[in-house]
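Participant:
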Amino acid sequence: TTEIYTLSLHDALPISRNAKGQCSGRWMRIMTVGPKRRIKLPETVAAGDVFTIKAKITHHMENGFRLDQNGGRVPRDIIHRFHCSFEGETVIDVALEPGVASHPFFAFEARVPHGGEFTFTWYDDDGTVHTETRSIDVI
């Protein structure tokens, strides 16, 4: 049997259960706390090469214009800023507005003079800050 557990306004997660009522491990691994962040960049690059960085966060991006069942406005809840830096120097800094689709995705190019660490930061309307770091080596 499959049951639907509502996690937020927009997300529903099907949970498969076996005859004993135990949850299927296949579905359990995708249950995470908070938004899931995905970052893709090469582990190593040649000196002077330009490379692509891809960053995505799962977020429902509620724009604040929808009405709930009682006719009241659903409060705005968006990622309003994305910032990426390399060793403390800004690579990209983006301000997001309510018109941005759910699960914002960014792809941009960079060139680094030496190996180091990228810091990716997403700022949520509720004050939450989501941060991930990734290292890169220059050969």
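For the sequence shown, position 49 matches number 52 in the working numbering, and the numbering has no gaps at all. We treat Cβ as the ideally placed atom computed from N, Cα and C, and that holds for glycine. A quick note: this is a predicted structure, and the numbers were derived from the prediction, not measured.
#1: What residue ranges within the stretch 50-87 form continuous beta strand (DSSP E) runs of no fewer than 3 residues, ordered along the chain?
#2: Judging by CA-CA distance, which residue of A110, T136 and T131 is the nearest neighbour of T122?
#3: If I measure Cβ to Cβ from V97 and keep anything under 8 Å in the same chain, skipping five residues before and after, which residues do I get?
#4: Within the continuous beta strand (DSSP E) that includes I139, where are the two ends?
#5: Taking the alpha-carbon of G37 as reference, which of R114, H63, G91 and L70 has the nearest alpha-carbon?
#6: Short of 8 Å in beta carbon distance, which residues of its chain neighbour P78, apart from the five on each side in sequence? Order them along the chain.
#7: Going along the chain, which residues of its own chain have a beta-carbon closer than 6 Å to the beta-carbon of E90, five neighbours each way excluded?
Facilitator: Answer, in terms of the structure:
#1: Runs of the beta strand (DSSP E) lying entirely within the stretch 50-87, each at least 3 residues long, are 54-60 in chain order.
#2: Nearest of A110, T136 and T131 to T122, Cα basis: T136.
#3: Excluding positions up to five away in sequence, the list reads R84, F85, H86 and F109.
#4: DSSP places I139 inside the beta strand (DSSP E), whose first and last residues are V132 to V141.
#5: Answer by Cα proximity: H63.
#6: For P78, where only same-chain residues beyond five positions count, the Cβ hits under 8 Å are E65 and G67.
#7: Contacts found: G119.
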